[in-house]
Amino acid sequence: MKLGKLAKGALPISRIGMAMWAWNNRDELVKWGAFAASAPGRLAEGESGDLVLEAKLRARLTADSRTRGADGLRVSVAKGVATLNGKVDADVRDAALAIATAVGGIDRVRDEMSTSGGRLGRVRGRS
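Numbering (this note's numbering), first residue to last: 159 to 285.
The following block contains the structure:
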């Protein structure tokens, strides 16, 4: 019970407020939930480094207002290569590529995203 009172005092948000926040951010929460559900299997396969890189990339994409909740944007990291795919707006595509290339530890970024103007696949490496 004390923990509940402590949380209520530390977080001046009502249950209704938290529910509204969760509803407004449901797409992002579902993406993070799917990522968390796949983590144990990836850890068992020895992909802990890629898992950490993917978490860093997802966190930065979530923190940026241009890419947060972007419909269609999918992210994965394997062997130090980040792959961005899905159908997104051109400004989301540009922002996602800039963010992904700036994440330390990612060697290359594969752009498999398409925009309303068509597919513009590219591979970016670190300079």
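Beta carbons are placed, not taken as given, at the ideal position from N, Cα and C, and that holds for glycine. Values in this document were obtained by computation on a predicted structure and should not be read as measured data.
- Alanine 253 counts as buried, since no fewer than 16 other beta carbons sit within 10 angstroms of its beta carbon.
- Of the other Cβ atoms in all chains shown, 16 or more fall within 10 Å of the Cβ of arginine 216; this residue is therefore buried.
- For asparagine 182, the uninterrupted alpha helix (DSSP H) segment begins and ends at 173-182.
- Rounded to whole angstroms, the Cβ separation of isoleucine 264 and glycine 238 is 6 Å, and the two are in contact under 8 Å.
- Listed as beta-bridge partners of glycine 244 by DSSP are Met271.
- Beta-bridge partners assigned by DSSP to alanine 236: Val239.
- Nearest neighbour of tryptophan 190 by Cα position, chosen from Val250, Ala240 and Leu209, turns out to be Leu209.
- Ranked by Cα distance from aspartate 222, the first of Val250, Ala236 and Ile174 is Val250.
- Taking a C-beta distance under 7 Å as the contact criterion, threonine 241 and arginine 268 qualify as a contact pair.
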